[in-house]
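**Student:** I am attaching a structure below and will ask some questions about it afterwards.
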Amino acid sequence: MPDARPHSLPPAALKPLEALEAPLGQNGFAYEQAAAIRPLLEQFGMERWEEFAESWNHLGVDRYMADGGRYRRRRHATFTLTEDQILRKPHQPHYQSQDYNTLNGGIERWFKAITPAIVEHPALLAVLRLTQHIADDLTPQTQRPMAWHAEVHQFRIEASPDSAGRPTPEGLHRDGVDWVCVMMVRRENIARGETTIHDLNRQPVGSFTLTDPMDTALVNDSRVYHGVTPVKPVDPTHPAYRDVLVVTLRHE
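Residue 22 in numbering that gives the first Met the number 0 is what sits at position 23 of the sequence shown, and the numbering runs on without skipping anything.
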């Protein structure tokens, strides 16, 4: 794979990057709309977004839902991110302890792998580079790892007239990682899907709704909880779904 990121960003990219990092550093979370995110991703080499987004039409059903639901589709991959490289790891299960995921935690969950074409897609590589750049900037140098363990999840949450789709079926939660990036890919015929942020005392500190492709939320997982309200169809006679890309980083 190509180098992990440019050695430096041009001055035009620094202001929107600082606007994203400042609230994340101060409050433990940040929300930014696509108009600011797109040029940052382009600085990291993003191309062919529509082709990337189309891959969400080819996910597999999540059969590990302890609530019995079949409303979530996904693919999964893991990477090592260093200063110089993005390396895909051998396919492996996704695991969370029940301390972090009371609904589906405590077991190894083997999801369909993200396809090779998407693993090497410039849109995904740009998201990984941007997330790593922010994580490096906001992690004290003495705590910054030589390599980040990254997990990438393609999610589609489907809603029907008789069953809401639940983007976070485990409820308000933390993921047990260092950093979380959630990027909207597509909303089709859905209402709601509001992201809520709570402090470690579970008191609300912010809320927003990812609506447009590339709208992005970033979370310091050690400082805040996050959750998303269920989604339901606007028009019950048409398909309704919410597509997002989730990237998490933790120390190797």
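Using N, Cα and C, we set each Cβ at its ideal position, and we do this for glycine too.
Because the structure is a prediction, the values reported are computed rather than measured.
State the start and end residues of the unbroken alpha helix (DSSP H) segment that holds residue 52.
**Tutor:** 48-53
**Student:** Classify residue 14 as buried or exposed, calling it buried when 16 or more other Cβ atoms lie within 10 Å of its own Cβ.
**Tutor:** exposed
**Student:** Three or more C-beta pairs under 8 angstroms: does that hold for the region 184-198 against the region 221-237?
**Tutor:** yes
**Student:** Determine which residues share a DSSP beta bridge with residue 203 and list them.
**Tutor:** 197
**Student:** Any C-beta of chain D sitting closer than 9 angstroms to the C-beta of residue 64?
**Tutor:** Here there is only one protein chain, and chain D is not present.
**Student:** Report buried or exposed for residue 131, applying the criterion of at least 16 other Cβ atoms within 10 angstroms of its Cβ.
**Tutor:** buried
**Student:** Helix, strand or coil, according to DSSP, for residue 107 in the structure here?
**Tutor:** coil
**Student:** Of all the options 189, 140, 217, which has the alpha carbon lying nearest to the alpha carbon of residue 173?
**Tutor:** Relative to residue 173, the option among 189, 140, 217 whose CA is nearest is 217.
**Student:** So if DSSP puts residue 187 in a beta bridge, which residue, or which two residues, is it bridged to?
**Tutor:** Per DSSP, 240.
**Student:** Where does residue 72 sit, in a helix, a strand or coil, going by DSSP?
**Tutor:** strand
**Student:** Return the residue from the list 39, 239, 40, 18 that minimises the CA-CA distance to residue 156.
**Tutor:** Taking the Cα of residue 156 as reference, the smallest distance to any Cα among 39, 239, 40, 18 is reached at 239.
**Student:** Taking C-alpha atoms, which residue in 18, 153, 42, 92 lies nearest to residue 72?
**Tutor:** Ranking 18, 153, 42, 92 by Cα distance to residue 72 puts 153 first.
**Student:** Let's see if you can read the secondary structure: which residues bound the beta strand (DSSP E) around residue 218?
**Tutor:** 215-219
**Student:** Look at the alpha carbon of residue 114 and the alpha carbon of residue 47, and state the distance between them as a whole number of angstroms.
**Tutor:** 16 angstroms
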